[in-house]
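In our numbering, the protein residues as written are 1026 to 1523. Single-structure report; data block below.
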């Protein structure tokens, strides 16, 4: 497998298209659900998704190693390893997820009783089996999507996700009037089933060595996956103490209505984050290949390039999201909802730093450097819970969200500086004068808009939003003068890839 800038570009662009399409689907889906089942039941749905995610303990980090090992095995002469890797992963995941899902179901009534009002407990218990079923099917389907990534066929995976989003949307529209929240759960189960079947079919088609007749159990493959994945599983455990813990604390200190608005804000910011991180994620098999071939000079130059291009997109998009928060609230909720806007603002700032650690995070994954990821996530998990309990007690739901942001930002910065140290470069080597100018412009736009909303008395909300959004044009001169933009435009004109 040779590194191809064209292939990398196609995968990255398809990731962006998939995220934008999914974001639009979620916009209309959540707007529909708000009018049909209400914000409190939306909060229940969010809480059950988080509670069900405990079953991810069964993953044991196995799928995290699939992308890396598939990329490496393709370079080797023994092609039988691929079939063994696939079957070993499927069988392991099936047994572990089904077992843990049954354990969760048996204790669900006891644990959910602590965080959900009694009047909503019955509906929560009804939809939990569907949520766990979706999670199990997604986990097994994740084996096939990871294999597609390892073959650098991310564009196929992204196409599958786009179609699955349509399945979920249509299913929810048809089933929600009949079954209410249970209808949404069934629609999600259908979506998971589609991803599983489609990803399996494409996995078999892209490589003859992936065909079912080559699927065999391999203790050696399991050991390789486990030895790589157990550290990553510690990361997954910490992540379970992170986002689900945030939602559980919000349910306790902020209430289900607050949690419902937070879920919508989180969905907006998550789709924005995925827009950039999914494009970043395509580098994992590339880094795994180059690390195996010991091309150190490539790694440093590639990392610097990724960061500069990422900032060029991340900063204007983050600023746009912050400024557009009131408009999104108006279009989605019908009013300026403070809980929603506050959540979007805080999450956007924290997510900016988290997205910027993407090159360091995914490069560490590709190189198998998981110790630092484990340490960072452990620190983030405990910081989130401890700070969340303290701030939640004094500031309610707002304190929980601020705690989430502090933990996420702190962990992201630690990972960035650590990886820079590994490559023996400083932040000044990564970013040049033009990048720092862009950062100053972004800060100026945000400060202007904060003052504008606070002190300029304009009664017409639409006019106020329009003036606010127009300040984003201040980015244009700096973006068009950027060397990476000039290089990209030049390559498009010459129909060549850099």
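Built from N, CA and C at the ideal position, the CB exists for glycine as well.
Here residue 1456 carries a coil assignment [DSSP, helix/strand/coil]. Proximity to residue 1294 across 1039, 1201, 1047 peaks at 1047, based on C-alpha coordinates.
For residue 1444, the closest of 1384, 1426, 1232 by C-alpha to C-alpha distance is 1384.
With a threshold of 16 other beta carbon atoms within 10 Å, residue 1174 meets it and is buried. Comparing alpha carbon positions, the residue from 1179, 1061, 1418 closest to residue 1039 is 1179. With a 10 Å radius around the Cβ and a threshold of 16 neighbouring Cβ atoms, residue 1138 comes out exposed. With respect to the C-alpha of residue 1214, the residue from 1479, 1200, 1225 having the closest C-alpha is 1200. Taking a 10 Å sphere around the C-beta of residue 1155, we find 16 or more other C-beta atoms and assign the residue as buried.
If you draw a straight line from the Cα of residue 1034 to the Cα of residue 1332, it is about 16 Å long. Residue 1374 and residue 1241 have their C-alpha atoms some 47 Å from each other. If only complete runs of 4 or more residues are kept, the segment 1235-1285 shows the alpha helix (DSSP H) at 1244-1265, 1268-1278, in order along the chain. Within the same chain, 1448, 1450 come within 7 Å of residue 1325 by CB-CB distance, once the 5 residues on both sides are set aside.
For residue 1189, the uninterrupted alpha helix (DSSP H) run begins and ends at 1179-1204, by DSSP.
By the Cβ criterion, the segment 1122-1132 is not in contact with the segment 1233-1251, since fewer than three pairs of Cβ atoms, one from each stretch, lie closer than 8 Å. Under the three-state reduction of DSSP, residue 1371 is assigned to helix.
Residue 1166 places its beta carbon less than 8 Å from that of residue 1220. Positions of the alpha helix (DSSP H) runs, each at least 4 residues long and wholly inside the segment 1369-1432, are given as 1383-1392 in order along the chain.
Per the coordinates, the alpha-carbon of residue 1368 lies some 7 Å from the alpha-carbon of residue 1291. Residue environment for residue 1128: exposed (fewer than 16 other C-beta atoms within 10 angstroms of its C-beta).
Cβ-Cβ separation between residue 1059 and residue 1067: approximately 7 Å, consistent with a contact (criterion under 8 Å).
Closest option to residue 1163, judged by alpha-carbon separation, among 1430, 1189, 1492: 1189.
If you look at residue 1106, you'll find it in the alpha helix (DSSP H) that goes 1105-1137. Cβ atoms of residue 1207 and residue 1151 come within 8 Å of each other, at about 6 Å.
With respect to the C-alpha of residue 1117, the residue from 1168, 1196, 1036, 1478 having the closest C-alpha is 1168. Straight through space, the alpha carbons of residue 1104 and residue 1234 are spaced by roughly 6 Å. Taken atom to atom, the span from the alpha-carbon of residue 1237 to that of residue 1228 is near 10 Å.
Only buried fits residue 1177, as 16 or more other CB atoms lie within 10 angstroms of its CB. Pairwise C-beta distances place the segment 1399-1415 in contact with the segment 1425-1432, as three or more of them are shorter than 8 Å.
Nearest in C-alpha terms to residue 1410, of all of 1396, 1113, 1421, 1425, is 1425. Counting C-beta atoms within 10 angstroms of its own C-beta, residue 1482 has fewer than 16 neighbours from the protein chains shown and is therefore classed as exposed. For residue 1167, the enclosing alpha helix (DSSP H) has its first and last residue at 1143-1175. Comparing alpha carbon positions, the residue from 1183, 1184, 1211 closest to residue 1194 is 1211. By a beta-carbon distance limit of 8 Å, residue 1477 contacts residue 1493. Their separation comes to about 6 Å.
C-alpha of residue 1359 to C-alpha of residue 1093: approximately 45 Å in a straight line. Between residue 1098 and residue 1091 a beta carbon distance of about 10 Å is seen, past the 8 Å cut, so the two are scored as non-contacting.
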